[in-house]
Amino acid sequence: MLKRRLTKLSAALISALLVGSLLAGCGSSSSSTSGTEQKVSYNLGADPQTIDPGLNNSIEGGTVIENAFEGLVDIDKNEKVVPGVASSWDISADKLTYTFHLRKNAKWSDGKTVKAQDFEFAWKRALAPETASDYAYQLYYLKNGEAYNNGKASKDDVGVKAVDDYTLKVNLEAPAPYFLSLTAFPTYMPLRQDIVSKDNKGWATKKENYVSNGPFYMTDWKLKATMTFKKNPNYWNKNTVKLNSITYYMLSQESSATAAFTSGQVDINDLIPSVQKSALIKKGDAKAYPYYGTYFFDVNVGDKDPSNGADITKVLKDQKVREALSLAIDRESIVKNVTKGGEKPATSFVPSSIKLADGKAYKNKDYYPAKGDAKKAKQLLAEAGYPDGKGFPTLQIMYNEGSNHQDIVQALQDMFKKNLNINVTLQSVERKVQLDNLTKQQYQICRASWIADYNDPMTFMDMYVTGGGNNNPGYSNPEYDALIKDAKSTTDASKRISDMHKAEDILMKDLPIIPIYEYTNVVEVKSYVKDLHKSPLGFVYFNNTYIQK
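Just so it is clear: in the sequence shown, position 325 is 391 by this note's numbering, and no numbers are missing.
In structure tokens, the structure reads:
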């Protein structure tokens, strides 16, 4: 990932050595597309909570952003780092200073030049305390980034500086083996200060304000229905973009989404009823893509929801109760009889697909049996003061609407009743409401998921440091915090791995989260859609996609 000396890097060398996170880049095809209307429709599966790169915290919003904007680098279809707005960069010998050289023909969709100042503004805006970005911590790699976000340093102290219009200098707190790939992530996208500063929180809610620098730009937005983007004629790499338009649909019910795919309304859909997945894959109508993610449930162990009451708060804060809930779950049964998409039971938080910088698997250990352990679960609940569930309050599980999620929470409801003799109610809410309640910690137990931002275990681990922007359970453990800090600052690879393993040991003992399964992504794609890049990091990229009928 990081280079060893201060040298200008060629694209060939980058492709050979760098593995990373997000963003676009599919191989082009020599197949003729003449005479075929080059437009595609994709079901996002939900109405994005936001499409502001600095505020987004969802896959839905991220897919829109990744196709509308371009960062300093891109990630190609092989998940390798390639030049984006930056045509090249230098890295110091100590791996603490990056100097990015921006291409002079990079333009915004309104024709203005993309400048180094656009990156400096965007990064510092995401870190600004008043922005309250969930992903501010993703910029803590910058020198004084965390200090600025916590009000202990000034904006001018942050380690990103536009040296001139086409040179961006970045100083890091410590070497990070995945920093280059991070600059392809939505939070690192450039923004126009002249547009954003007029309405810092609301600028991205109006199509006329949504000026972008990537392959596509917004032309229409019907709230809770569709977004339409067209090919950006000012994009520096427009000659590789074959599609003329993308229409995003926001169908959140699996039955409606699959009906839209069958009728031809949408060309690509990954919101499929579980009962249909196996058959669709066998018929060749759908494909299971790798997905670096974990499906889990957040347990509210914080103090931000007074509506929970003393009895609910008491059980949620009890580690023995949380461990009992985890052991009462038969994850193998869920993936075999409920999800049916080739998922693996999650017996740890970091999925087994995540690799280290040397390409080796990170996997630490199995923390609990895939089939659960009802006997031990009952014992732990009794030790917590609730023998055979007596005196245990009724809990509520919140989940975002959709039959697949409903089937899973109903399975949990049955397992908790059967194995612990406790009652659970279920609450279905819109995706936006779910995300808002998670962020505000206004829930008891809530369905959640995490798809890697980059191919490294740290993308899963650093969320749960005290006060972290995506620490939705409100979890805090000083020992865990110290291990994550050490893992981020050390230059010793073996110590870094050891620190992360120890941190995961703590997280899986404390269990503010209850993992269920490791994702696969089953997607319906029309046969005429070519060169679709479905990243294992969650997003769909259309910059090299084309239609051939």
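Note that CB positions come from ideal geometry on N, CA and C, so glycine has one too.
{"Query": "Secondary structure of D44, DSSP reduced to three states", "Result": "With the chain represented from 67 up to 615, any question about residue 44 goes unanswered, as that position is not in the structure."}
{"Query": "Collapsed DSSP secondary structure at R397 in the structure displayed", "Result": "helix"}
{"Query": "Which listed residue (L447, P411, K161, W189) has its alpha carbon closest to that of N485", "Result": "L447"}
{"Query": "Helix, strand or coil at Y546 [DSSP, three-state]", "Result": "helix"}
{"Query": "CA-to-CA distance, I141 to G177, given in whole angstroms", "Result": "24 Å"}
{"Query": "Selection from Y355, S469, N489 that minimises the alpha carbon distance to S322", "Result": "S469"}
{"Query": "Buried or exposed by the 16-neighbour rule on C-beta atoms within 10 Å, applied to K431", "Result": "exposed"}
{"Query": "Endpoints, beta strand (DSSP E) assigned at T285", "Result": "282-288"}
{"Query": "8 Å CB neighbourhood of S97 in its chain, flanking five on each side removed", "Result": "Note on S97: pLDDT 43, under 50, position unreliable in the model; no value is reported."}
{"Query": "Buried versus exposed call for P299 [16 or more other C-beta atoms within 10 Å across all chains shown]", "Result": "exposed"}
{"Query": "Y594 classed as buried or exposed, judged by whether at least 16 other C-beta atoms fall within 10 angstroms", "Result": "exposed"}
{"Query": "Status (buried if at least 16 other CB within 10 Å, exposed otherwise) for K209", "Result": "buried"}
{"Query": "Reference E103, options A198, S278, V151, I312, closest by Cα", "Result": "I312"}
{"Query": "Cα-Cα separation, A134 to N275", "Result": "13 Å"}
{"Query": "Secondary structure of Q493, DSSP reduced to three states", "Result": "strand"}
{"Query": "Reduced DSSP category for D333 - H, G, I as helix; E, B as strand; rest coil", "Result": "coil"}
{"Query": "Meets three-Cβ-pair contact criterion under 8 Å: the region 149-157 and the region 260-275", "Result": "no"}
{"Query": "Nearest candidate by alpha-carbon position, reference P453, set A443, K161, N123", "Result": "A443"}
{"Query": "Validate contact between the region 410-420 and the region 577-593 using beta carbons, cut 8 Å, 3 pairs", "Result": "yes"}
{"Query": "Neighbourhood of S601 by C-beta distance below 6 Å, restricted to the same chain and skipping five residues each side", "Result": "none"}
{"Query": "Buried versus exposed call for S329 [16 or more other C-beta atoms within 10 Å across all chains shown]", "Result": "exposed"}
{"Query": "M524 vs M574 beta-carbon contact at 8 Å", "Result": "no"}
{"Query": "Cutoff 6 Å; reference Y541; Cβ partners in own chain excluding five residues on either side", "Result": "V367, Y530, P578"}
{"Query": "Same chain only: Cβ atoms within 6 Å of S94, ignoring 5 sequence neighbours per side", "Result": "Residue placement at S94 is poorly supported in this model, since its pLDDT is 37, which falls under 50; the coordinates still yield a value, given next. Excluding residues within five positions, the ones whose Cβ falls inside 6 Å are T306, N610."}
{"Query": "Supposed close pair K343, V588 - CB separation, criterion 8 Å", "Result": "5 Å"}
{"Query": "Sequence-distant residues of its chain with Cβ nearer than 6 Å to D538 (five each side left out)", "Result": "Strictly speaking, residue 538 in this sequence is Asn, with Asp absent from that position. Around N538: D364, L504."}
{"Query": "M255 (DSSP reduced to helix, strand or coil)", "Result": "coil"}
{"Query": "As assigned by DSSP and simplified to three states, the class of N109", "Result": "strand"}
{"Query": "For T460 and N487, the rounded distance between their alpha carbons", "Result": "11 Å"}
{"Query": "Three-state class that DSSP yields for S593 in the structure shown", "Result": "coil"}
{"Query": "Beta strand (DSSP E) runs contained entirely in the region 346-416, provided each spans 3 or more residues", "Result": "352-365"}
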